[in-house]
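Residue numbers (the numbering used here): 5 to 363.
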């Protein structure tokens, strides 16, 4: 009862704050410009693993390379090495094999040894020298700078269909400046959190299944955290509770559905959301991206037809080679079982923990 009373007080405070802001005039929708793009898409983990500057050079999260067709990224913590491979018939017809030893900062590239490799870990992600690794895989590098000094790097191959200017226009309305590049301290490095695996639990509002226990309630009652993705028919109180304070996205089956949710948000408190969780397997991801949204793709999905123990076994194996995982749950019994398993997995927060996907 006390928590519910505090929550309602918080919602009332949010309403008052919103009224003050909206009363002073219409707020322009603010979109955070991603710092990394791959071909015509934004790096969907940009807020957790953005472009970073170190030792005068820009570094990218190695996982970004896995977004390109034919490139596979895997890390082996026991041996302390990072493997990046490319099968023949893609950018390089003969294929490419890169093995980087983290401790020694040495790499073997198609049988040749290289030293002084730029590699480090930040916020649970392994970073590599962007120019260096892009050159190896014949990826085109395009830099740009926004008016507020944000540097944007796009890696692309033959699959890219848009110009840099067209791509940036999807995410902002201000003109693009392509020169000059900023000084070294323009992008701040994140504080290191070495060795901690992160589980990002996401859920869509189950407004269609009121008989289900809300997944977010099960997660919170278990002492974990999750990120809510709202539907157009979600209860107004949930809009205030989640969307107003920022840690929320949209669950939509199309760009039109996402726009409808944002129209409702603007009417309520002059705000828009940019992250979208596809509602269906056949949701048109490209249409969402063309409309300026960042698509969140879960690594694992649990619903009423899923064997949660089997998924959990795959998930734990996945975390042995990856620093983070995104898990989508619902309000069904299988999801509740998965949440209980995740409680055990994250019992020691110094080795593995749940965190909010969006800031």
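Where a beta carbon is used, it is the ideal one built from N, C-alpha and C, also for glycine.
Closer than 7 Å by C-beta to residue 234: which residues in its own chain qualify, once you throw out the five before and the five after it? Chain order, please.
209, 242, 243, 246, 247, 252, 254, 255, 265
Whole alpha helix (DSSP H) runs in the region 264-307 with 4 or more residues, listed along the chain?
DSSP runs (the alpha helix (DSSP H)) wholly in the region 264-307: 289-294.
Helix, strand or coil for residue 360, going by three-state DSSP, please let me know.
Coil at residue 360, not helix or strand.
Does DSSP put residue 243 in a helix, in a strand, or in coil?
helix
Which value, in whole angstroms, describes the spacing of the CA atoms of residue 218 and residue 340?
10 Å
With 16 other Cβ atoms within 10 Å as the buried cut-off, status of residue 126:
buried
Using the Cβ count rule (16 or more neighbours within 10 Å means buried), how would you classify residue 67?
buried
Cβ pair count under 8 Å reaching 3, the region 283-294 against the region 320-334
no
Which of the three DSSP states, helix, strand or coil, is assigned to residue 232?
strand
Any idea if residue 39 is buried or exposed, counting beta-carbon neighbours within 10 angstroms, 16 or more meaning buried?
By the Cβ neighbour-count rule, residue 39 is buried, with 16 or more other Cβ atoms within 10 Å of its own.
Can you give me the C-alpha to C-alpha distance between residue 119 and residue 52, rounded to a whole angstrom?
28 Å
Test item: CB-CB of residue 331 and residue 48 under 7 Å
no
Could you tell me which of 89, 174, 84 sits nearest to residue 114, measuring between CA atoms?
89
Nearest-angstrom Cα separation, counted from residue 274 out to residue 104
47 Å
Coil, strand or helix - residue 166 by DSSP
coil
Would you check if the region 301-314 and the region 155-172 touch, i.e. whether three or more CB-CB distances between them fall below 8 Å?
No: fewer than three Cβ pairs fall under 8 Å.
If we ignore side chains and look at the alpha-carbon of each, how far apart do residue 224 and residue 231 end up?
11 Å
Using DSSP bridges, identify the partner residues of residue 57.
62
Residues of its chain near residue 229, where Cβ-Cβ distance is below 6 Å and the 5 sequence neighbours each way are ignored:
358, 360
For residue 350, which residues from the same chain have a beta carbon less than 8 Å from its beta carbon, with the 5 sequence-adjacent residues on both sides left out?
203, 228, 356, 357, 358
Using a Cβ-Cβ cut-off of 7 Å (strictly less than) and excluding sequence neighbours within five positions of residue 112, which residues of its own chain qualify?
Closer than 7 Å at Cβ, skipping near neighbours: 103.
Where does residue 318 land, buried or exposed, given buried means 16+ other C-beta within 10 angstroms?
Per the 10 Å Cβ criterion, exposed.
Distance, residue 117 Cα to residue 259 Cα
47 Å
For the candidate residues 168, 132, 347, whose alpha-carbon lies nearest to that of residue 146?
168
Secondary structure at residue 48, three-state DSSP: helix, strand or coil?
coil
From residue 377 to residue 128, what does the alpha carbon distance come to, in whole angstroms?
Beyond the ends of the chain as shown, which are 5 and 363, falls residue 377; an answer cannot be given.
If we call anything under 7 Å between Cβ atoms a contact, is residue 338 one with residue 305?
Contact: no.
Short of 6 Å in beta carbon distance, which residues of its chain neighbour residue 180, apart from the five on each side in sequence? Order them along the chain.
With a pLDDT of 39 at residue 180, under the threshold of 50, the modelled position of this residue cannot be trusted; read the value that follows with caution. Cβ neighbours of residue 180 beyond the five flanking positions: 148, 169, 172.
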